[in-house]
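Take 11 as the starting number for the sequence shown in my numbering and just add one per residue.
Here the structure is laid out as structure tokens; the discussion comes afterwards.
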Amino acid sequence: MFTDIETDRLLLRPLHEADRQAMVDIHTDPRTNRFHPDPPDVPRASAMFLDWLAHWAEHGFGYPAVLERGGTEVIGMCGVRLREFHGEKVLNLGYRFRPSAWGKGYAVEAGRAVLEWCARELPTLPVVASVSVENKPSLRVAERLGFTEYTEEMYDGAMSRHYRR
11 MFTDIETDRL
21 LLRPLHEADR
31 QAMVDIHTDP
41 RTNRFHPDPP
51 DVPRASAMFL
61 DWLAHWAEHG
71 FGYPAVLERG
81 GTEVIGMCGV
91 RLREFHGEKV
101 LNLGYRFRPS
111 AWGKGYAVEA
121 GRAVLEWCAR
131 ELPTLPVVAS
141 VSVENKPSLR
151 VAERLGFTEY
161 TEEMYDGAMS
171 RHYRR
């Protein structure tokens, strides 16, 4: 269902087993976990990666790997997964990038491409994003992507703002 997406600067492609180490490295970097209530944990990040691969196998989409166009290094992930949220089936937008990729607008660029894909391929499902209220850069990404805030609550151990499109 999901095929490679190219933007001006990025390639979003389906996740592969070969991406495991890059994703674990990104998700266990203390800088990328600054707003997460739990400390970085390699076994938990590895299990999360396996869950992501299983989602891809079952649904044909998920959190794709993000690379700079023409590059070979995975610099992050940005995509959607199906989930139940407040009793409703939704697409959860998730994004996380290596610190070396921060400040370049990659999350917004990749997010726009993913949202265009959602509108084309899964138009009946709402897209939500849940962001720690402390994570100001990520809050700005959600707002730049056209999300509307609809509630704040404790979520996954942190006060979070939930956005919807």
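The C-beta atom is built at its ideal place from N, Cα and C for all residues, glycine as well.
Keep in mind it's a predicted model, so treat the numbers as computed, not measured.
Span separating the alpha-carbon of residue i from that of residue j
| i | j | result |
| --- | --- | --- |
| Ser140 | Val118 | 15 Å |
| Val124 | Thr158 | 17 Å |
| Pro109 | Glu98 | 33 Å |
| Arg6 | Thr82 | Residue coverage of the chain in this structure runs from 11 to 175, which leaves residue 6 outside it and unanswerable. |
| Pro50 | Asn145 | 17 Å |
| Pro74 | Arg30 | 12 Å |
| Arg79 | Gly115 | 14 Å |
| Ser56 | Arg154 | 31 Å |
| Val52 | Ala64 | 18 Å |
| Gly89 | Met164 | 23 Å |
| Phe45 | Ala67 | 30 Å |
| Thr161 | Val143 | 11 Å |
| His37 | His172 | 21 Å |
| Tyr17 | Ala111 | Position check: residue 17 holds Thr in this sequence, whereas Tyr was assumed. Cα to Cα, the separation comes out at about 15 Å. |
| Leu25 | Phe95 | 24 Å |
| Gly86 | Arg174 | 22 Å |
| Met11 | Arg54 | 28 Å |
| Gly72 | Thr13 | 11 Å |
| Val138 | Leu132 | 13 Å |
| Leu135 | Ser170 | 21 Å |
Range of the contiguous beta strand (DSSP E) that encloses residue i
| i | result |
| --- | --- |
| Ala168 | Ala168 to Arg174 |
| Ala75 | Ala75 to Glu78 |
| Met87 | Val84 to Phe95 |
| Glu98 | Glu98 to Phe107 |
| Leu25 | That residue, Leu25, is in no beta strand (DSSP E); it is neither H nor E in DSSP. |
The alpha helix (DSSP H) enclosing residue i, as first and last residue numbers
| i | result |
| --- | --- |
| Arg30 | Arg30 to Thr38 |
| Arg54 | Val52 to His69 |
8 Å contact criterion, which residue i and residue j should meet: CB distance rounded
| i | j | result |
| --- | --- | --- |
| Gly233 | Pro47 | Limits of the chain in this structure are 11 at one end and 175 at the other, which puts residue 233 out of reach. |
| Lys69 | Leu103 | Reading the sequence as shown, one finds His at residue 69 and not Lys. No, His69 and Leu103 are not in contact; Cβ-Cβ is about 15 Å, not under 8 Å. |
inquiry  = So within the segment 120-161, which uninterrupted alpha helix (DSSP H) runs reach at least 4 residues, ignoring any that extend past its ends?
reply    = 146-154
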